[in-house]
Amino acid sequence: MPSPLSESLRRALQSLNQPQHGNTDPPKHSSTDLGQGADYIVGIGSAGGAKGRPEDDITTLREGSYEEQDEESDDEPTNTDVVMDIAPARPLASRFIDPPRAFEPQRVAEAPRPMISLPVSGRFRPPEPKTLEEAGLEPEFVQGLMVKYLLDHPGASGRNIAGALELHHPALAESFQELKDRKLVVHKGSAGVGDFRYDLSEEGRRMAQDLRKVSRYVGPAPVTFEQYKLSVHEQSISREVPRLSDLRRAFADLLVSDTMLHQLGPAITSGKGMFLFGPPGNGKTSLAERITRAFGTAVYLPHAILIEGMIVKVFDPMVHERIEEDEGRAAKDRADGRWVKCRRPTVVVGGELTMDSLEMDYNENTGICEAPIQVKANCGTLVIDDFGRQRIDPATLLNRWIVPLESRFDFQRMPDGRKIRIAFDPLLIFSTNLDPKDLCDEAFLRRIPYKVSVEDPDEGAFRALLHHQSSHMGMEPDEEVFDHLIYTYYHQTGRAFRYCHPRDLLLQVQNQCIFRETPLRLTHEAIDEAALLYFTLL
975 MPSPLSESLR RALQSLNQPQ HGNTDPPKHS STDLGQGADY IVGIGSAGGA KGRPEDDITT
1035 LREGSYEEQD EESDDEPTNT DVVMDIAPAR PLASRFIDPP RAFEPQRVAE APRPMISLPV
1095 SGRFRPPEPK TLEEAGLEPE FVQGLMVKYL LDHPGASGRN IAGALELHHP ALAESFQELK
1155 DRKLVVHKGS AGVGDFRYDL SEEGRRMAQD LRKVSRYVGP APVTFEQYKL SVHEQSISRE
1215 VPRLSDLRRA FADLLVSDTM LHQLGPAITS GKGMFLFGPP GNGKTSLAER ITRAFGTAVY
1275 LPHAILIEGM IVKVFDPMVH ERIEEDEGRA AKDRADGRWV KCRRPTVVVG GELTMDSLEM
1335 DYNENTGICE APIQVKANCG TLVIDDFGRQ RIDPATLLNR WIVPLESRFD FQRMPDGRKI
1395 RIAFDPLLIF STNLDPKDLC DEAFLRRIPY KVSVEDPDEG AFRALLHHQS SHMGMEPDEE
1455 VFDHLIYTYY HQTGRAFRYC HPRDLLLQVQ NQCIFRETPL RLTHEAIDEA ALLYFTLL
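Numbers given in my numbering equal positions in the sequence shown, counted from 1, plus 974.
See the structure below:
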């Protein structure tokens, strides 16, 4: 049983006119309530793989064997994307503002629930919902966001509030009226045609403060879990088939041989993941970071998702590159502002990676979850750089990826102890200068079907890089200086060529000239000085 609510929470609950959770009448659900669309990302049914249709989800889940996928659970999960290890009390947030009950272990009922309309093609552009029903959000939940916003912005206009929540202003008309009827908000004056400035009443202020104790989130309204799953399916990298011309465009700023392009191409097209391995300094990270460009298209990522009554933040300006929408579109063609148009994400993590980075990050002070890195990388690329040099054992990390790589979904534990199943859709790339056979066993190597060796350049490629880099830096290429560099510091010493050497050495020459206020020019003396400093410990 959930613990008793405080008196202040009870007052807020009553003012929102929410039913008490002791009510034993079962809620009605449709198939969309129960995680529609999960198994057309990947099918786990015993009879046959990816189904491709949302309506197959319930049957597939019923047939699937979870014992191999989740060793912690002995029981077959319910027909939802929530895997219940236990039946815990609902978190305070979901007790206070009753979220859409898509995640409770109920059987499917007949009454359908409207969903946001999504295109069936690979091009996903969510239209602006004209009502809260189209947005998939309960009015009480949205009203909670509205009063929390007013707590921080007294006197805000209705349009300002709608803009902060990224919802259609007319869609909030009934919510404004209901809050006013309950004497939770008051008008402060006109804010233009069809709009008012609002403030909280004393009762509304108490309710907003109680809500903020549960979750401090104020911002764009979240999308539902079902909408997010549909978006991943529509925008999956598996729906894109890069060609050789796409790879040439993606690597246009690098000198990449045709041999390397033909090795990378099938690996990228498969979307199954790969190892990039080889000596250090040959551009493995540079290649990995540019692979996403081969897929070309932009994607829509949500600011946040509503899962199990918790708000999970997804959009991260540190890793996602926003693309501005066309402001000239007619109002009827506007995209849903709860989604951000971005370039396909490329998330790069190195030695700082920990196992906690792969799990939901719940902040007890704010009541908000941050999505793990693999969710932020969905529909794009996740690069594990310098693999084998993390603070965690490589085998532990690899074992964490076995089920997601095979099934294309991941299990995440929510703060209340429930498990959810969420799409795993990044192209996973392991970049390392260690031998993969020393890092993982055969079972995992089989799950990464492509292993691309990034070898040292030959002398011809090395000279081409010297020409390219010197011209790019504003220095006249000098064959005599290049001959001196190659003979003295490579042939005589037996040093291996590296793709990074031309750039690094010529940068030192450039810095010498800038410091001494001399013309940018290649000389034997400048190369000798650069090589002395650069190769001292190499």
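Ideal Cβ placement from N, Cα and C applies to all residues, glycine included.
- Scanning GLY1362, VAL1321, PRO1368 for the CA closest to the CA of GLN1348 turns up VAL1321.
- HIS1207: member of the alpha helix (DSSP H) spanning 1199-1209, first to last residue.
- If the five residues before and after VAL1160 are omitted, its C-beta is found closer than 6 Å to the C-beta atoms of ASP1173, SER1175, all from its own chain and listed in chain order.
- With a cut-off of 8 Å on Cβ pairs, the stretch 1214-1224 is not in contact with the stretch 1391-1411, counting fewer than three such pairs.
- With 16 or more other Cβ atoms from the protein chains shown falling within 10 Å of its own Cβ, GLN1209 counts as buried.
- Excluding residues up to 5 positions away in sequence, GLU1140 lie with their Cβ nearer than 6 Å to the Cβ of GLY1311 in the same chain.
- Looking at the backbone, the Cα of GLU1282 and that of MET1388 are separated by about 8 Å.
- Sorting PHE1385, LEU1379, ASP1330 by C-alpha distance to the C-alpha of ARG1365 places ASP1330 at the top.
- The same chain holds no residue with a CB closer than 7 Å to that of VAL1230 once the five nearest residues on each side in sequence are set aside.
- Taking C-beta atoms as the reference points, LEU1459 and ILE1488 fail to come closer than 8 Å.
- By the criterion of a C-beta distance shorter than 6 Å, LEU1408 is surrounded in its chain by GLY1362, once the five residues flanking it on both sides are discounted.
- Taking C-alpha positions only, GLY1448 is separated from PHE1456 by approximately 16 Å.
- In this structure ALA1262 touches VAL1357 by the C-beta definition: roughly 4 Å separates them, less than 8 Å.
- When beta bridges are read from the DSSP output, PHE1170 appears opposite SER1164.
- Non-local C-beta neighbours of SER1445 in its own chain, meaning closer than 8 Å and more than five positions away in sequence, comprise PRO1451, ordered along the chain.
- The beta-carbon separation of SER1405 and ASP1335, rounded to 24 Å, does not stay under the 8 Å limit for a contact.
- In this structure, LYS1104 keeps its C-beta atom at 8 Å or more from the C-beta atom of ARG1186.
- Just so you know, the alpha carbons of GLU1112 and ALA1145 end up roughly 12 Å apart.
- In terms of CA proximity to LEU1419, TRP1375 leads the group GLU1326, ALA1136, ALA1130, TRP1375.
- Per DSSP, GLN1466 is not a residue of any beta strand (DSSP E), being assigned neither H nor E.
- When DSSP reads this structure, ILE1279 sits in a beta bridge with VAL1197, VAL1286.
- Our two residues, GLY1166 and ARG1308, have alpha carbons roughly 22 Å apart in a direct line.
- Every beta strand (DSSP E) stretch that sits fully inside the stretch 1328-1386 and reaches 3 residues is listed by chain position as 1335-1337, 1342-1344, 1355-1358.
- For SER1149, the three-state secondary structure derived from DSSP is helix.
- In this structure, the CA atom of GLY1354 is about 19 Å from the CA atom of VAL1377.
- In this chain, the beta strand (DSSP E) harbouring PHE1404 covers 1401-1406.
- The Cβ-Cβ distance between LEU1106 and VAL1116 falls below 8 Å.
- For CYS1474, there is no enclosing beta strand (DSSP E), since its DSSP letter is neither H nor E.
- Assigned with DSSP and collapsed to three states, LYS1411 falls in helix.
- The straight-line gap separating the alpha-carbon atoms of ALA1241 and THR1497 is approximately 43 Å.
- Considering only LEU1512, THR1271, THR1328, the residue with the shortest C-alpha distance to LYS1315 is THR1271.
- When rounded, the separation of the alpha-carbon atoms in CYS1414 and VAL1426 is 16 Å.
- Per DSSP, the beta-bridge partners of SER1427 are PHE1251.
- Distances from the alpha-carbon of PHE1509 to those of LEU1371, CYS1474, PRO1194 put CYS1474 closest.
- GLY1247 and ILE1211 do not touch by the CB rule: their CB atoms are close to 11 Å apart, not below 8 Å.
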